[in-house]
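Engineer:
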Amino acid sequence: MATQNALPPLSQDWLRKKSAGSVRQLQSTASSSVRKLNMPHMLTLFWVRDSTSAVHVELQRMNQANALLKMEISRLQESLMQRLAARYHLTEANARANDTIASLQAELHAIKESAVEQGNLVGKLRRDLDQQSNTGTAASPAESLPPPLLDDTLKQKYHIQVQISLEKQAQIDQLILDATASSANVRHMQRDMDTLRHDLDQVKASLSMCESQLRQELDRANAVSIKHHADMTSLRQTLDAGHLTAARDADAWHAREKSLLDQVLALTQERDALIDRLERAEASHKQHLQDMQRESQHLQLLRRKSCGDVVDLTNKYDAALTTVATLQKERDMWHHEQRAADDTIERMASELKTNHMQLEALEQAVLAQKCEKSGLELKLTQLETTYTTLCQSHSQTVADLKDHMDKLTVAQTQVIKQRGQVHALQVELKATNADKDAVHDKLTEQQATHTKALEKAMQSLVRLCVVAPTVNVHLSGQILPCKTVLPKRDILPVFSSIFLQDQEGTSPTGSSLDSWLQSLLKEMQTSIETHLKNVFQV
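Take 7 as the starting number for the sequence shown in the working numbering and just add one per residue.
Here it is as structure tokens:
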């Protein structure tokens, strides 16, 4: 998802600049970036290509992340719609089950009512039969007997009523069986309804969990979308500014291109004029050659007529040859001019192509400078924010320092007061020490008295009888039970631990048994002495 699905922040390290520490460093960075514009075009082109490629890669990555987020949101919406449809189907099934239960309960109630009515009717018929039988047996034989036809009619009626009652009873039994089956079906439907309610509760819980997850994912997606929108807005602003600058530079270059195109057009027209002149000269030269050939043929025909005319014709022929040579030179010169014009046109076309490349490089450089400018403005904003925060913290520190100075003044006043109280307490302490010394002297005398009494008592027979956890002290045949019960941690654990041996001659702690017994006896003796001392002091 999302978390497994979030947009990465837009990287501002396009030009790989170090962050400035002050406004002066920002100005020096800006001046160095301005000086970089005057570098050769090849370095600028490589630098701009790197920056633009980084921007394009970042934009592609952001677009891919945005597409992934959109796909994740659409998938979550589709799953939510599926769950809502399943919930709707479960609700419909629940409603149908409730309707079925209600109809079955109504049928069961009607069946119970009909069973009660049939039972009442059967009871009534049985009572009537019993009453009639009792009435027939109670009648005296002396009474007038009914005619035989009436007896047969009554028997038939009774027989019919009995058959009807039997049929009713069979119907009642069948209805009872149907009611039992219906109650079983109702219980089955109730179990199904309980299962459906449990499934519905689970689906509701899963839906609520999915809704909460979807809300969290939507919140994260909205936050990422807002951040992406802010980054795209800043990037669009930077691109718009770069486009404006590039448009101005492009207009200048387009004007220069137009002037170059005008020059190329003029050179083309001049070349066309030269070509026309060359073609006309060649045509005139061909015509002149044809005329000279015809004239030479005519002269050859007339040479036989006149020898004097031969010399004139020879001179004319030499003049014609000279003219032809001159025309050939002019043609060569025009061909040379045409080649020079073609070279000029090619040179102008290459210059135009170079100018186009320089224009594109300058546009990319302007875009990179705008990106750098936006990064520097962002750093400047961060520095201003940091400066504002430092000013606020400084003012807060000054205020805290003033409060501490006030508190220090109050504390000094309290210290002066407490010094007087300490002097009074020292006087009281001296008096208390005197009382304590007097009490200590009395206690020393009492301790000496108790020590003498203890030594005198210890000279007699002392025997301890340890019956856990009560201790009885026997002094010279007198039994003195101790009311104070020994704690379980003083004697019993140590006394019982002697029976815990892993190996022969080894104490429970793993050391030698003799040394452990000596230390145990010493501890028991010390504990007993302490206990006796406490008993006698009491």
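Idealized CB from N, CA, C, for every residue including glycine.
If the criterion is Cβ atoms closer than 8 Å, does the pair D198 and A73 meet it?
Structural biologist: No, the pair does not count as a contact, with Cβ atoms beyond the cut-off.
Engineer: Three Cβ pairs or more, each shorter than 8 Å: is that satisfied between the segment 406–424 and the segment 289–303?
Structural biologist: No contact exists between the segment 406–424 and the segment 289–303.
Engineer: I'd like to know if the segment 249–257 and the segment 340–356 are in contact, where contact means that at least 3 CB-CB pairs between them fall below 8 Å.
Structural biologist: With a cut-off of 8 Å, the segment 340–356 and the segment 249–257 do not count as touching, because too few Cβ pairs lie within range.
Engineer: Nearest by alpha-carbon distance to T244: which of N540, Q83, L431 and A374 is it?
Structural biologist: The shortest Cα separation from T244 among N540, Q83, L431 and A374 belongs to A374.
Engineer: Would you decide whether Q5 is buried or exposed? Buried here means 16 or more other CB atoms lie within 10 Å of its CB.
Structural biologist: No answer is possible for residue 5: the residues shown for the chain start at 7 and end at 544.
Engineer: Given a cut-off of 8 Å on the beta-carbon distance, is the pair E263 and N361 in contact?
Structural biologist: Contact flag set, yes.
Engineer: In the DSSP output, which residue or residues are listed as bridge partners for A512?
Structural biologist: For the sequence presented, residue 512 should be read as Thr rather than Ala. Beta-bridge pairing links T512 to S518.
Engineer: Is the separation between the beta-carbon of L280 and that of E336 shorter than 8 Å?
Structural biologist: In this structure, E336 does not lie closer than 8 Å to L280 by Cβ.
Engineer: Find out if the Cβ-Cβ distance for the pair H294, T329 is shorter than 8 Å.
Structural biologist: Yes, these two residues count as a Cβ contact at 8 Å.
Engineer: Between R203, D348 and T239, which has its C-alpha nearest V606's C-alpha?
Structural biologist: In this structure the chain extends from 7 to 544, so residue 606 is not present and cannot be described.
Engineer: Would you say L376 and A247 are within 8 Å of each other, going by their C-beta atoms?
Structural biologist: The question names Leu, but residue 376 is Lys in the sequence shown. Closer than 8 Å, so yes.
Engineer: Distance check for A437 and L519, CA to CA, integer angstroms please.
Structural biologist: Distance between the alpha carbons of L519 and A437 is about 57 Å.
Engineer: Find out if the Cβ-Cβ distance for the pair L273, T350 is shorter than 8 Å.
Structural biologist: Yes, the pair counts as a contact, with Cβ atoms nearer than the cut-off.
Engineer: Assuming L284 contacts W340 (C-beta within less than 8 Å), just tell me the rounded distance between them.
Structural biologist: Yes, L284 and W340 are in contact; Cβ-Cβ is about 4 Å, under 8 Å.
Engineer: Can you have a look at L523 and say buried or exposed, based on whether 16 or more other CB atoms are within 10 angstroms of its CB?
Structural biologist: So L523 ends up on the exposed side.
Engineer: Using the Cα positions of D447 and N540, report the straight-line distance between them to the nearest angstrom.
Structural biologist: Between D447 and N540, the C-alpha separation is close to 21 Å.
Engineer: So S212 and S380 are in contact, right, with Cβ under 8 Å, and what is the actual spacing, rounded?
Structural biologist: The Cβ separation is near 47 Å, so there is no contact.
Engineer: Since M298 and A331 should fall inside the 8 Å C-beta cutoff, what is the C-beta to C-beta distance between them, to a whole number of angstroms?
Structural biologist: Incorrect: roughly 13 Å between the Cβ atoms, too far for contact.
Engineer: If you check the beta carbons only, do V230 and L90 fall under 8 Å apart?
Structural biologist: No, they are not a contact pair.
Engineer: Could you check which residue in D184, D237 and L86 has the C-alpha nearest to that of N69?
Structural biologist: If we check each option's Cα against that of N69, D237 comes out closest.
Engineer: Quick one: what's got a C-beta closer than 7 Å to S513's C-beta in the same chain, skipping five residues either side?
Structural biologist: L519 and W522.
Engineer: Compare the Cα-Cα distances from Q334 to each of S218, R286 and T419 and report the closest residue.
Structural biologist: Checked all of S218, R286 and T419; the closest Cα to Q334 is R286.
Engineer: Suppose the cutoff is 6 Å on Cβ atoms and the five residues either side in sequence are ignored; what does the same chain contact list for H260 look like?
Structural biologist: Contacts found: none.
Engineer: By the 10 Å Cβ neighbour count, where 16 or more other Cβ atoms means buried, how is H537 classified, buried or exposed?
Structural biologist: With 16 or more Cβ atoms within 10 Å of its Cβ, H537 is classed as buried.
Engineer: Could you tell me if E84 is buried or exposed, where buried requires 16 or more neighbouring beta carbons within 10 angstroms of its beta carbon?
Structural biologist: Its Cβ having fewer than 16 others within 10 Å, E84 is exposed.
Engineer: Select from V63, E119, H204 and K130 the residue whose C-alpha is nearest the C-alpha of T97.
Structural biologist: Of V63, E119, H204 and K130, the residue nearest in Cα terms is H204.
Engineer: Express the C-alpha separation of K442 and G426 in angstroms, rounding to a whole number.
Structural biologist: Going by the C-alpha atoms only, they are around 24 Å apart.
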